[in-house]
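Residue numbers (UniProt numbering): 737 to 1018.
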Ligand code: C2E
Ligand code: MG
Ligand code: MG
Ligand code: MG
């Protein structure tokens, strides 16, 4: 005890804290630089209709090609952006970039499907979010049908009134809303009745073993039945095998995305894919 009281009893300078702060400042500068230097990029993963195997959407997924650290996963840096209050900045960039990309593809004579944009909880709950979306759509000359927003169910547990108001505004603009990672949050199911939502996205965690594990199968079936009863669309994420897809088809899941069809692709690859798709459909 005497020892620990010694040098440390009046700690004005905590080296651990200081290094944490400087790391954070460095990270914040990195993010701002990344936006300016174009190190952030959107990849797109096709979303397909189960029965027809037709392309119905493209999910925009953030990628950060860091000059020193290489490719950083959004699962790592999105939570840090949220914590540092930088998610609004990046979130707006994501939505704007998706809208611009949609327009570029249209200008190239392609017919891109709707782009699904992930929205973080912090971003969604900030007052004025719906207005920001409206402004970006109008600045980028994008129709509301060009994008879909993905939010997670935990968001809905937060501030019910704010959520409902925001969702209503977004719906009035004509946007579709998907509940991402459905089944992994803790919120009550009664919100499904009250919130104007279009699609449930069944989390990859349940899809991974839906055709081999009885519990996961039961959860998927329950979600599909719930969605049917409530008139919601369903999309399974992370489909990797024919067995999983067969199970989902049999149980009436309408849409899917996953490595079985395609990994998230960079812009050029999506463009080739869209051109090919047009040729096939004609
Ligand atoms: P998410 O929205 O649930 O996205 C699905 C994740 O599953 C993506 O990971 C995707 O690459 C991955 N995935 C798709 N199909 C398969 C598959 O068949 N097998 C496996 N193992 N994985 C598959 P990713 O791109 O690393 O993104 C991770 C999470 O980061 C996203 O989960 C989302 O929560 C967040 N995120 C990504 N982009 C954005 C963004 O622009 N804004 C916000 N707020 N969050 C984002
Ligand atoms: Mg998503
Ligand atoms: Mg998801
Ligand atoms: Mg997920």
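Cβ atoms here follow ideal geometry from the backbone N, Cα and C, with glycine treated the same way.
{"Asked": "Given a threshold of 16 other Cβ atoms within 10 Å of its Cβ, counted over all protein chains shown, does residue 1072 qualify as buried or as exposed?", "Found": "Residue 1072 lies beyond the stretch modelled for the chain, which goes from 737 to 1018, so this question has no answer here."}
{"Asked": "I'd like the span of the beta strand (DSSP E) that includes residue 912, first residue to last.", "Found": "912-918"}
{"Asked": "Could you tell me whether the stretch 817-834 touches the stretch 855-862, where touching means 3 or more Cβ pairs closer than 8 Å?", "Found": "yes"}
{"Asked": "Leaving aside the five residues before and after residue 1005 along the sequence, list all residues of the same chain whose C-beta is less than 6 Å from its C-beta, in chain order.", "Found": "none"}
{"Asked": "Residue 782 lies in the beta strand (DSSP E); which residues open and close that run?", "Found": "776-785"}
{"Asked": "Between which two residues does the beta strand (DSSP E) containing residue 802 stretch?", "Found": "791-802"}
{"Asked": "Starting from the N-terminal side, write out each stretch of the alpha helix (DSSP H) that is 4 residues or longer and does not extend beyond the stretch 916-971.", "Found": "927-930, 940-943, 950-966"}
{"Asked": "Would you mind stating whether residue 892 and residue 915 have Cβ atoms separated by less than 9 Å?", "Found": "yes"}
{"Asked": "Taking the continuous beta strand (DSSP E) assigned at residue 886, which residues delimit it?", "Found": "883-888"}
{"Asked": "What residues in its chain sit with their C-beta under 6 Å from that of residue 776, if we drop five residues either side in the sequence?", "Found": "770, 800"}
{"Asked": "Quick one: residues in its chain with C-beta nearer than 8 Å to the C-beta of residue 737, no 5 flanking neighbours on either side, listed in chain order?", "Found": "Its pLDDT being 40, under 50, residue 737 is placed unreliably by the model, and nothing is read from it."}
{"Asked": "With respect to 8 Å, is the separation between the Cβ of residue 994 and the closest non-hydrogen atom of ligand 1 below this value?", "Found": "yes"}
{"Asked": "Based on Cα-Cα distance, which residue from 792, 768, 751 lies nearest to residue 1014?", "Found": "792"}
{"Asked": "How many angstroms separate the CA atom of residue 829 from the CA atom of residue 806?", "Found": "21 Å"}
{"Asked": "Beta-carbon separation of residue 782 and residue 1009 under 9 Å?", "Found": "yes"}
{"Asked": "Name the DSSP beta bridge partners of residue 872, please?", "Found": "In DSSP, residue 872 forms no bridge with anything."}
{"Asked": "By Cβ distance below 7 Å, which residues in the same chain neighbour residue 841 in space, the five residues on each side in sequence not counted?", "Found": "848, 1007, 1010"}
{"Asked": "Note the first and the last residue of the continuous alpha helix (DSSP H) segment covering residue 816.", "Found": "810-819"}
{"Asked": "Among the candidates 985, 990, 836, 931, whose CA atom is the shortest distance from the CA of residue 896?", "Found": "931"}
{"Asked": "Please classify residue 811: is it buried, with 16 or more other beta-carbons within 10 angstroms of its beta-carbon, or exposed?", "Found": "exposed"}
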